[in-house]
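Residue numbers for the sequence shown follow full-length UniProt numbering, so the first one is 1 and each next one is one higher.
Note that beta-carbon positions come from the ideal geometry of N, C-alpha and C, so glycine has one too.
Remember, it's a predicted structure, so these values are computed and weren't measured experimentally.
Contents: one structure, followed by commentary.
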Amino acid sequence: MNSLAEVKNAKMQKMHSTIFPHTQARVYNIVCAYLVMFVCVCVYACAYVCACVREAPEKVHFCIG
């Protein structure tokens with residue numbers, strides 16, 4: 001017959017295995033969202049700098065900052 005400790009341990013393992021994948025998926029989704037946001041900001045900044053260079057190459061330092 002199972003002891004109380006074994007039953008408790010089995011319940012904890014089952015609970016951990018059902019909770020952890022959701023937490024891991026949530027972290028993965030957050031990391032992916034931040035990566036997508038970072039890529040969008042980089043693309044926007046690159047387009048802005050390229051537009052400045054195209055319009056007035058002599059004033060590039062004013063466009064950038």
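How many angstroms separate the CA atom of residue i from the CA atom of residue j?
i, j, result
"L35", "R26", "14 Å"
"V7", "T23", "24 Å"
"N29", "Y44", "23 Å"
"M12", "L4", "12 Å"
"E55", "C46", "14 Å"
"C50", "A33", "26 Å"
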